[in-house]
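Number of protein chains: 4
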Amino acid sequence: MSSTYGENLKLSIFGQSHGAGIGMTLDGIPAGLPVDLDTLQAFLNRRAPGQNEYSTTRKEEDRPEFLAGLHNGYTCGAPIAALIRNNNTRSGDYSNLKDCPRPGHADYTAQVKYGGFQDPAGGGHFSGRLTAPLCIAGGLCKQWLQQMGIEVSAHILCIDGECDDPFDPMTPQLEQVGSDFPVLSVEAGERMKQKISQAKSQLDSVGGIIECAVTGLPAGLGDPMFGGMESRIAQIVYGIPAVKSVDFGMGYAVGYARGSQCNDAFVVENGQIRTVTNRCGGILGGITNGMPLIFQAAIKPTPSIAMPQQSVSLSKTENTTLEIHGRHDPCIVPRAVPVVEAAAAIAIFDAYLTRCRETGR
Amino acid sequence: MSSTYGENLKLSIFGQSHGAGIGMTLDGIPAGLPVDLDTLQAFLNRRAPGQNEYSTTRKEEDRPEFLAGLHNGYTCGAPIAALIRNNNTRSGDYSNLKDCPRPGHADYTAQVKYGGFQDPAGGGHFSGRLTAPLCIAGGLCKQWLQQMGIEVSAHILCIDGECDDPFDPMTPQLEQVGSDFPVLSVEAGERMKQKISQAKSQLDSVGGIIECAVTGLPAGLGDPMFGGMESRIAQIVYGIPAVKSVDFGMGYAVGYARGSQCNDAFVVENGQIRTVTNRCGGILGGITNGMPLIFQAAIKPTPSIAMPQQSVSLSKTENTTLEIHGRHDPCIVPRAVPVVEAAAAIAIFDAYLTRCRETGR
Amino acid sequence: MSSTYGENLKLSIFGQSHGAGIGMTLDGIPAGLPVDLDTLQAFLNRRAPGQNEYSTTRKEEDRPEFLAGLHNGYTCGAPIAALIRNNNTRSGDYSNLKDCPRPGHADYTAQVKYGGFQDPAGGGHFSGRLTAPLCIAGGLCKQWLQQMGIEVSAHILCIDGECDDPFDPMTPQLEQVGSDFPVLSVEAGERMKQKISQAKSQLDSVGGIIECAVTGLPAGLGDPMFGGMESRIAQIVYGIPAVKSVDFGMGYAVGYARGSQCNDAFVVENGQIRTVTNRCGGILGGITNGMPLIFQAAIKPTPSIAMPQQSVSLSKTENTTLEIHGRHDPCIVPRAVPVVEAAAAIAIFDAYLTRCRETGR
Amino acid sequence: MSSTYGENLKLSIFGQSHGAGIGMTLDGIPAGLPVDLDTLQAFLNRRAPGQNEYSTTRKEEDRPEFLAGLHNGYTCGAPIAALIRNNNTRSGDYSNLKDCPRPGHADYTAQVKYGGFQDPAGGGHFSGRLTAPLCIAGGLCKQWLQQMGIEVSAHILCIDGECDDPFDPMTPQLEQVGSDFPVLSVEAGERMKQKISQAKSQLDSVGGIIECAVTGLPAGLGDPMFGGMESRIAQIVYGIPAVKSVDFGMGYAVGYARGSQCNDAFVVENGQIRTVTNRCGGILGGITNGMPLIFQAAIKPTPSIAMPQQSVSLSKTENTTLEIHGRHDPCIVPRAVPVVEAAAAIAIFDAYLTRCRETGR
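Residue numbers (my numbering), protein chains in the order written: chain A, 1 to 361; chain B, 1 to 361; chain C, 1 to 361; chain D, 1 to 361.
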């Protein structure tokens, strides 16, 4: 498994943070789907670092080269492969990390798992940088879903306790999400930015919650049990580094509620069957019910904080103090918003392919 | 995908609630693993209904027949197959559900997905009854993990807002979990039971949170990205009907916290590397770090409540009122506790097989 | 992998020759496909032993019980599960085989692979008996293909050097295959029967070649590289015990030929594109070209022969002589004919599901 | 599926003949395996064109760039990714092929499958050029197997009816295979070359048979049914374009033989259990028995022949005559020899990983 996802489509992500390049292969995509590379680039730019004062000052060129799978602007049926060259890497920043694992990072677990053979520079294959190829695949799926009238959009629901308005679960206000800072309420966004600035000035970082909504979904996507939409989305969203919680609809709150507070009554509206509320987040029995699909993902604060931290020397097996230098985001949540969208789009497009297989539509 | 799970092991679950039987096949298990059928039965009994006043009065014999894969008390290398016959079904109770979908259930989405060909009786393949074969597979994995010193144990953390003590994330008090009602605090358990009784008397139901801990895990289990322990566990736990939230470690709370409040400092203790806290729930970069693995799953209240609910007639496409009769749990959370353990055990055993493959140990 | 097959459908076969039962689960099948159980039984009977003097005198009731997945005569979308109980087993016949492996059987390799934990009776999971559940799955797929106008039919091309007429690769004479003894030429069949009788009387056995044709296939099924029709069919046909060769179209003979003797010229015929010859067996680049798909599978002689054979005692690590008693087919080729059809039908139906997924038709 | 292979390892091959590049990702490989890039290059050079008069005069630089997965000369646990840039392509040669499919090629079937969206230049994703990335993956697996004492080696058994000596199935004379022209008998090689020259001068091409042997294999690799070594090897070998037959051990000849002529008697030799003959090709019940694994693959003649051929115009749906220009091998069999080795090495290494998973060794 590891870096491979999908039931019908097969997404395989490769690369290490400071290696020659990062990229992905995406097999199993139907031929004849149009690809707009400018739209894709605009989507990737939302994830790219160095765009404002709230993210790292590293400048990365997340400009993919498509090696295969496209022909005359359409998918050609062959596996799609794309590559982003790594530039602007400063491996020297990470020279001592092989011996002294950073708290909250995969340095130590990678050391144990790979017996010291892992590529430690910049977190190697565990780097958040690997979400760029995820966004290539997800950006493509997002385009193809859009052509079917399916929109995938996310916003920051919360940063370090400062909360945005939630989506209206019946009619999520997708168009209201800010393009510069992805929130519904500009004012809430300003409070979040203050939280980020505060944390940065105190050599700390902050986490947050991302809420994602998918509209225009037909009823009937997803499968029973392990192929349910929750299973599919959770598996890929948890593949994004730093995610520690994935909730659907009312999520965690169902543990504090009664059945009469959680069930969504059915109603006929203009000859269509809908639900009066959308507490289930658009999923019943793992299968979409035609209402907006809504989920949340919690992102932990960037573990790379500038304040001194307690760690160990792996070679000497003794305690030590670690100071992390280098350019790190005080908050990765804004940049993680398109990544969550990408993950959701991939999972939904994969489930859509299952429906095609099962129904011939 | 649908009812199949696993990277190395291949679990396939079959059956409908009121069909001839339910069961599972489990391929890819090494030969020579001992199987204690009495221990397995005791585990299955924890999930079985009709055991006390807080669950349905239906009596189900969850006694599996092993059709294949065992020989002289050991796995023999061939796929394991087990069958539980369905008895004591009363299909008459569900006769009108094909036309009038129950709010909160998969009746409507199954109708759309399968075009009316689904088996509606008792929820068909979407029934909670399908967690019994999941517990067969999980009960076996639990035994095999136990022989390696790995314990998987869960308790009810919360029912309708009444909360148990949480596990100590550094040394989860697994032995303290009650065998009759799986909580740490007997007093909290009593308050939960009152909540269940109240809801029942008001023709309603209640949801809850289950907390699961895994101790004795070596560092190094799990894979990067989509093969991380979070992805693996979330995929299978979300395969349990009614789960709407899966969180690891601090979970949702990371969105309200700073890096300095989320990172776990490393320390050398008796020559071993450990963390001083366990906020990450024992997982870094998707890989176990040797600390207890801890996660929570939120279970929504039983959707089948006795009070009248608004629904629709699918044949007439008009609004109607639904009254659900039959024997339903006012709270499935206690019975879901072993199911969550089963799911976790399967995911962990599968990840363990990956480690064997990668390291030859 | 082992006993699991399929890209879209997931076939999992379980059982040991003398265990409680054998069976299969088949997940991923669309809902709403009709199932005719009488037709299926007639198909299974073609594989069943004890039907004439040329096969074993064992009587097996290959009558499957469907445990799940069917509802009112149609697939209901849930995984299909079927069970055949084992009766009429005489384990005593095999008592010494655990120590003394039969030449040509899996006794020795199973002993090494499973470290002595395997179920040896009757060959355990390696028994030819496991082809019965393969025929359940294949018989269903055959029905569904038939409704699309796709026929899968095989005949005995050769037994111990006595050869039937081959199929006409342009218009295979499927309707001419004998129902009693599946050959095109009754006379050739008689010669084959003599070969079988001779071998039997000399305490020996004979092998043969089966030729399978699939008509009515649309062009465009199959995928490049490892998903080509040859790869798909060969993987599953080689899953039938005793198969040692799988060839497509001209097969082995391409090694003795020139390009001008192997290429099939294209031609327009009634506005349709066809080929003038069908040397490629209906597959170009792994993808069907609309001509009949034709392949051959060679079946080795039953290894269980009555004449004394040289073997070893595994416990004493010394040479010994083995005499196999019990009821064994002197030739399994006639019974293998429906098994080859079943395997082909499964592979083709799986590839058809891929096409649905890719094209929405 | 399509261009993805593997149970434990996940090989994904991408690229079109005249696209930006071709390559592969290979996930699931243990960390810490050494990689000798010079040895790999020497292996790839065996497949490269333009090396002698018997192959195309195209010069291709099959020099892979490793983008990921290696670190300090070892696998680092992250997915391996490698890229070969396409140079020296002359797309003009293929300009009319989109409309006029070449007999024996995938032009027509790709057109039907992909609805005209395929990349036709040079055969696109169906080009034999895609065997180069297969050789990257296979060359790596071959190195790792070699360190365990497992050798994979193939030779040309036959070209257009001219036959080499076969391998001795008990002790295949691997070291005797010629490095320049891979045959055992130099004289037979000369006769083959004459056949190639003759065909070329007559604007034709020739096919052949490749025999592959694997020595040093432990007993116990492979799985029952669809995971047997025959199924595993056949699936990947049939992924090589032009293969039309895959046979193991006696192969097709088992259809002409008796059990007493096919069974391999067991014997104790120096305390080891071996077989007296090796008619089964080292595989019993799908599992290696410790004897050399031997199989054959038949390669059809290059379909691109210079003589005029009958074809059709897809746009006009009318008959036409096709003349193929460009640089084509009159015989691809010599270049296919390392490709067959590569495919076998991948299949065997994958099966070896299964054994590690099952036995912890």
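No residue lacks a Cβ here, since even glycine has one placed at the ideal position from N, Cα and C.
### Inter-residue Cα distance where the pair is alanine 78 of chain A and serine 179 of chain D
For this step, residue 78 of chain A is matched to residue 78 along the first sequence. For this step, residue 179 of chain D is matched to residue 179 along the fourth sequence. Taking the straight line from one Cα to the other gives about 34 Å.
### Task
Please list the partners that alanine 132 of chain D has in chain A, where partner means a Cβ-to-Cβ separation under 9 Å.
Counted from its first residue, the fourth sequence places residue 132 of chain D at position 132. Ordered by position in chain A, no residue passes the 9 Å Cβ test against alanine 132 of chain D, which lies about 13 Å from the chain.
### Task
For glycine 139 of chain C, count neighbouring C-beta atoms within 10 Å of its own C-beta (all shown protein chains included) and say buried if the count is 16 or more, exposed if not.
Position 139 of the third sequence holds residue 139 of chain C. Buried: at least 16 other Cβ atoms inside 10 Å.
### Task
Measure the alpha-carbon distance for aspartate 204 of chain D versus isoleucine 305 of chain D and round it to whole angstroms.
On the fourth sequence, position 204 is the one that residue 204 of chain D refers to. On the fourth sequence, position 305 is the one that residue 305 of chain D refers to. C-alpha separation (whole angstroms): 5 Å.
### Query
With respect to the beta strand (DSSP E) encompassing arginine 327 of chain B, which residues constitute its N-terminal and C-terminal limits?
Here the question's residue 327 of chain B lines up with position 327 in the second sequence. That residue, arginine 327 of chain B, is in no beta strand (DSSP E); it is neither H nor E in DSSP.
### Task
Quick one: residues in its chain with C-beta nearer than 6 Å to the C-beta of aspartate 160 of chain C, no 5 flanking neighbours on either side, listed in chain order?
Numbered from 1 along the third sequence, position 160 holds the residue referred to as residue 160 of chain C. Within the same chain, aspartate 160 of chain C has close Cβ partners Lys195, Val206.
### Within chain A, partners of cysteine 76 of chain D - CB distance below 8 Å
Within the fourth sequence, numbered from 1, the residue matching residue 76 of chain D stands at position 76. In chain order: Gln16, Tyr114, Phe117, Gln118, Asp119, Gly124, His125.
### Query
Using a Cβ-Cβ distance under 9 Å, would isoleucine 80 of chain C count as near chain B?
Position 80 of the third sequence, counted from the first residue, corresponds to residue 80 of chain C. Output row for isoleucine 80 of chain C: interface = yes.
#### Entry: Below-9 Å beta-carbon distance, threonine 354 of chain A vs any chain C residue
Position 354 of the first sequence, counted from the start, is the residue given in the question as residue 354 of chain A. Closer than 9 Å to some Cβ of chain C, the Cβ of threonine 354 of chain A qualifies, so yes.
### Query
Is DSSP giving proline 441 of chain A helix, strand or coil here?
Shown here, chain A extends from 1 to 361; a query on residue 441 of chain A therefore has no answer.
### Message
For a cutoff of 9 Å on Cβ pairs, would you count methionine 1 of chain C as touching chain A?
### Response
Within the third sequence, residue 1 of chain C is the residue found at index 1, counting from 1. Note on methionine 1 of chain C: pLDDT 47, under 50, position unreliable in the model; the coordinate value appears next. No - not a single Cβ of chain A is within 9 Å of the one on methionine 1 of chain C.
### Message
So alanine 219 of chain A contacts chain B; which residues on that side make the cut at Cβ distance below 7 Å?
### Response
Translated into positions along the first sequence, residue 219 of chain A becomes position 219. The contacting residues are Thr109, Val112.
### Query
Name the chain D residues whose beta carbon is nearer than 9 Å to that of histidine 325 of chain A?
The residue given as residue 325 of chain A occupies position 325 in the first sequence. Near histidine 325 of chain A there are no residues of chain D at all, since even the closest Cβ is about 23 Å away, more than 9 Å.
### Query
Do you know whose CA, among D:Thr109, D:Tyr5, D:Pro101, lies nearest isoleucine 287 of chain C's CA?
Within the third sequence, the letter at position 287 stands for residue 287 of chain C. Taking only the C-alpha atoms, the option nearest isoleucine 287 of chain C is D:Thr109.
### Task
Taking C-beta pairs closer than 7 Å, name the residues in chain A that threonine 25 of chain D reaches, listed in chain order.
For this step, residue 25 of chain D is matched to residue 25 along the fourth sequence. Simply Ser12, Phe14, Thr25.
### Query
Counting along the chain, where does the beta strand (DSSP E) carrying glutamine 235 of chain A start and finish?
As a first step, residue 235 of chain A is located in the first sequence; it is residue number 235 there, counting from the start. Counting along the chain, glutamine 235 of chain A falls outside any beta strand (DSSP E), though it belongs to the alpha helix (DSSP H) covering 229–237.
### Query
From the DSSP output, which residues share a beta bridge with aspartate 247 of chain B?
Position 247 of the second sequence, counted from the first residue, corresponds to residue 247 of chain B. Bridge partners of aspartate 247 of chain B: A:Ser245, B:Gln296.
### Classification of serine 231 of chain A by the beta-carbon crowding that lies within 10 angstroms, buried from 16 upward
The count along the first sequence starts at 1 and reaches residue 231 of chain A at position 231. By the neighbour-count rule (16 or more Cβ atoms within 10 Å), serine 231 of chain A is buried.
### Query
What is the rounded straight-line gap between the Cα of glycine 23 of chain B and the Cα of leucine 83 of chain B?
On the second sequence, residue 23 of chain B is found 23 positions in, with the first residue counted as 1. On the second sequence, residue 83 of chain B is found 83 positions in, with the first residue counted as 1. Distance between the alpha carbons of glycine 23 of chain B and leucine 83 of chain B is about 4 Å.
### Query
In whole angstroms, what separates the C-alpha of methionine 1 of chain D from that of glycine 222 of chain C?
By 1-based counting over the fourth sequence, the position of residue 1 of chain D is 1. By 1-based counting over the third sequence, the position of residue 222 of chain C is 222. Here methionine 1 of chain D scores only 47 on pLDDT, less than 50, and its place in the model is too uncertain to base an answer on.
### Opening and closing residue of the alpha helix (DSSP H) in which glutamine 272 of chain D lies
By 1-based counting over the fourth sequence, the position of residue 272 of chain D is 272. First-last for glutamine 272 of chain D: 272–275, but that is the beta strand (DSSP E), not the alpha helix (DSSP H).
### Query
Does phenylalanine 248 of chain B have its Cβ less than 9 Å from a Cβ in chain A?
Residue numbering aside, residue 248 of chain B sits at position 248 when the second sequence is read from its first letter. For phenylalanine 248 of chain B, at least one C-beta of chain A is nearer than 9 Å to its own C-beta.
### Task
Determine, using beta carbons only, whether proline 169 of chain B and threonine 277 of chain B come nearer to each other than 9 Å.
Residue numbering aside, residue 169 of chain B sits at position 169 when the second sequence is read from its first letter. Residue numbering aside, residue 277 of chain B sits at position 277 when the second sequence is read from its first letter. Yes.
### Query
What are the start and end residues of each continuous alpha helix (DSSP H) run of 4 or more residues lying completely inside the stretch 178–234 of chain D, in chain order?
186–201
### Query
For isoleucine 348 of chain B, which three-state DSSP category applies?
Taking the second sequence and counting its residues from 1, the one referred to as residue 348 of chain B is at position 348. Isoleucine 348 of chain B falls in the helix class under three-state DSSP.
### Message
I'd like to confirm the pairing. Which residues does DSSP put opposite alanine 81 of chain C in its beta bridges?
### Response
Translated into positions along the third sequence, residue 81 of chain C becomes position 81. According to DSSP, which records beta bridges pairwise, alanine 81 of chain C is partnered with C:Thr25, C:Ala68.
### Task
Starting from the C-beta of glycine 28 of chain C, find all residues in its chain whose C-beta is less than 6 Å away, skip the five residues before and the five after it, and write them out in chain order.
Translated into positions along the third sequence, residue 28 of chain C becomes position 28. The residues are Asn8, Leu9, Lys10.
### Message
Using C-beta distances below 6 Å, list every residue in its chain close to alanine 242 of chain B, excluding the 5 sequence neighbours before and after it, in chain order.
### Response
For this step, residue 242 of chain B is matched to residue 242 along the second sequence. Hits under 6 Å: Ile299, Lys300.
### Interface flag, methionine 72 of chain A vs chain D, CB-CB below 9 Å
To locate residue 72 of chain A, count along the first sequence from 1; it is residue 72. It is worth fixing the name first, because residue 72 of chain A is asparagine in this sequence and not methionine. Asparagine 72 of chain A counts as touching chain D.
### Query
Are the Cβ atoms of leucine 44 of chain D and alanine 132 of chain D separated by less than 9 Å?
If you number the fourth sequence from 1, residue 44 of chain D lands on position 44. If you number the fourth sequence from 1, residue 132 of chain D lands on position 132. Taking 9 Å as the Cβ cut-off, leucine 44 of chain D and alanine 132 of chain D qualify as a contacting pair.
#### Entry: Bounding residues of the beta strand (DSSP E) (the contiguous stretch that carries leucine 312 of chain A)
Locating residue 312 of chain A in the first sequence gives position 312, where the first residue counts as 1. In the sequence on display, residue 312 of chain A carries valine and not leucine. Where valine 312 of chain A is concerned, the enclosing beta strand (DSSP E) stretches over 309–313.
### Query
In this structure, does DSSP put asparagine 45 of chain A in helix, strand or coil?
By one-based count along the first sequence, residue 45 of chain A stands at place 45. Of the three classes helix, strand and coil, the one that applies to asparagine 45 of chain A here is helix, per DSSP.
### Query
In the DSSP assignment, what are the bridge partners of isoleucine 156 of chain C?
In the third sequence, counting from the first residue as 1, residue 156 of chain C sits at position 156. DSSP, once it has assigned bridges, lists C:Ile210 as partnering isoleucine 156 of chain C.
### Task
Examine chain C for any beta-carbon lying closer than 9 Å to the beta-carbon of cysteine 321 of chain B, and answer yes or no.
Sequence index remark: in the second sequence, residue 321 of chain B carries index 321 (1-based). With the sequence shown as reference, residue 321 of chain B is identified as threonine, and cysteine is not the correct amino acid for it. Threonine 321 of chain B does not count as touching chain C.
### Query
Can you tell me whether aspartate 164 of chain B is buried or exposed, with buried defined as 16 or more other CB within 10 angstroms of its CB?
What you label residue 164 of chain B is simply residue 164 of the second sequence in a count that begins at 1. Buried is the call here.
### Query
Does DSSP put glutamate 175 of chain A in a helix, a strand or coil?
On the first sequence, position 175 is the one that residue 175 of chain A refers to. In the structure shown, glutamate 175 of chain A sits in a helix (DSSP, three-state: H, G or I).
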